[in-house]
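If you read the sequence shown in numbering that gives the first Met the number 0, its first letter stands for residue 0, the second for the next number, and so on. Each residue gets a CB set at the ideal place from its N, CA and C atoms; glycine is no exception.
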Amino acid sequence: MSTTNIQHTLSSFTCIEQALDHFDIDYDSRFIDEYRLPLMKKFNGYLILQKPDDWFSARRALKNAYCNIQRSRLDKHTRQACRGCTSCQRR
């Protein structure tokens, strides 16, 4: 997939669930309902910082955004693992 194809694909999504399904990332619908706006902002921020050149780099940006929002919910003073973050590689 070329850069223009992946950018066209990303612009065709109307909701974040379509992007998560397209990139084969499992998600919790209650989490998405509650954190939809921060997740979309973080994902778009990652896309602005580094333009994805293929499917894998776009998926990595979405996974990083999803994981970042999940980790921000954890207590900072205890050592907890990500729970509910089905795509987290930091377990």
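Report the three-state DSSP secondary structure of residue i (helix, strand or coil).
i	result
residue 34	helix
residue 22	coil
residue 13	coil
residue 72	coil
residue 97	The structure shown does not extend to residue 97, since the chain spans only 0 to 90, so no value can be given for it.
residue 77	coil
residue 50	coil
residue 90	Since pLDDT at residue 90 reaches only 49, below the 50 mark, its modelled position is unreliable, and no value is offered.
Would you check if the distance between the CB atom of residue i and the CB atom of residue j is smaller than 8 Å?
i	j	result
residue 68	residue 26	no
residue 24	residue 61	yes
residue 51	residue 5	yes
residue 9	residue 57	yes
So, under 8 Å CB-CB, residue i and residue j are touching, yes? Tell me the CB distance rounded to an integer number of Å.
i	j	result
residue 46	residue 65	Between residue 65 and residue 46 the Cβ distance is about 14 Å, and since that is not below 8 Å, they are no contact.
CB-CB under 6 Å to residue i, same chain, minus the five flanking residues each way: which ones, in chain order?
i	result
residue 2	52
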